[in-house]
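Chemist:
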Amino acid sequence: MKFAMKTLVAAAAFAAAGMASATTATLNVGSSVTDFGYTLSDLTGSGTLTFSSTLIGALNAGKVQVSGVAPATATVVNKTNAATKVVSISSASAAAPVTSLTGDYTATSLAVQGVATAGGALQSAPTANIATTGGSLQITNLNVDLTAKKVYADLTGANGVGTKTHVYLWDVATITGPTTFDLSVVPAGGGVVTSTNTLTGLTINTAAFNLFAQAMGLTANGITSLQTVTDFGSIVSTISVKVTPVPEPSTYALMGLGMVGMGLVARRRRAK
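So that you can map any letter, position 23 of the sequence shown is 395 in this note's numbering, and since no number is skipped, the others follow by simple counting.
1) Please look up how many angstroms separate the CB atoms of G646 and P443, rounded, as I've assumed it's under 8 angstroms.
2) Would you tell me roughly how many angstroms separate the C-alpha atoms of S424 and T411, rounded to the nearest one?
3) For T595, list the residues DSSP reports as bridge partners.
4) Please state whether the Cβ-Cβ distance between L527 and L514 is less than 8 angstroms.
5) Report all residues from its chain with a CB closer than 7 angstroms to the CB of P617; omit the five preceding and five following residues, and keep chain order.
6) Name the two residues that bound the continuous beta strand (DSSP E) containing G429.
7) Grouping DSSP H, G and I as helix and E and B as strand, with all else coil, what is T499?
8) When the Cβ atoms of the region 523–542 are set against those of the region 468–478, are three or more pairs found closer than 8 angstroms?
9) Tell me whether F408 sits in a helix, a strand or coil according to DSSP, three-state version.
10) Could you tell me the alpha carbon to alpha carbon distance between G532 and T422, rounded to whole angstroms?
11) Assuming contact is defined by CB atoms lying nearer than 8 angstroms, are G589 and T505 in contact in what I supplied?
12) As a quick exercise: from T546, I595, T426, pick the residue whose alpha carbon is nearest that of T572.
13) Can you say whether K435 is buried or exposed, counting buried as having 16 or more other CB atoms within 10 angstroms of its CB?
14) Tell me the DSSP secondary structure of A579 in three-state form.
15) DSSP has D476 in a bridge; who is on the other side?
16) Let me know the secondary structure DSSP gives V438 once reduced to three states.
17) From S463, T552, G440, pick the residue whose C-alpha is nearest to that of K484; which is it?
18) Helix, strand or coil for F604 per DSSP?
Here's what the structure looks like:
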């Protein structure tokens, strides 16, 4: 009997110890993740890519047009030169819905490692000019690796590029704002935690640059213009997650141990 009690105590201790280390998991929109005494669900949010002024200058050199790729939406502001009547881009951005986040879960926090979005932006050069012979490039489904500070994307381009998935696109110079959700502040009845951060200093990977140039049909002048772009822009993401506390497995184990102990005491009393 003593051996059985010791075994149960050891099992309960093992269950509690199993909760001490972090678990890496992915939370998708419409699904939930339960671990460390919490259920995380109702993932919502968006990531907004804003083009830098130097990138817009390079796009204007090739008379490139920008539009959104669903479910993302693009906001493009044009300006007209009063003297030449030439229309060019003044500012451009694309807001895409968050589809998943991957992170390290512990008993008190969720440290976000990666965020994925859906949709993106289409850049098209419908007519040949000094910077391009014509082409297009669709950049969609951004996947941000916050740990490595890299951005990946799906590319669909003209001029033989075709469709390529999870292409290493940009390096991120700086991340500001929290990337960890503090779960310890969530009340017993549950609540919603929100985090907003900004990624700045997006520099393009060499292989991605070559795909960009090929898809857009850039001429020598167009390539030179794009090479002057040392910062492609910024990404601002806002993410919200519903957090609901639930009994931990260790709690159930200890409850079971208590019930077994009560049963053993009752049996010994009956034996007397």
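No residue lacks a Cβ here, since even glycine has one placed at the ideal position from N, Cα and C.
Modeler: Reading from the atomic positions:
1) Since the first residue of the chain shown is 373 and the last is 644, residue 646 is not available in this structure.
2) 39 angstroms
3) This sequence places Ile at residue 595; Thr is not what is there. Partner(s): none; I595 has no beta bridge.
4) no
5) G409, Y410, V558, A560, G562
6) Per DSSP, G429 belongs to no beta strand (DSSP E); it is in the alpha helix (DSSP H), 425–433.
7) coil
8) no
9) coil
10) 27 angstroms
11) yes
12) T546
13) buried
14) helix
15) T396, A483
16) strand
17) The identity of residue 484 in the sequence shown is Val, whereas the question assumes Lys. It is T552 whose Cα lies nearest to the Cα of V484.
18) coil
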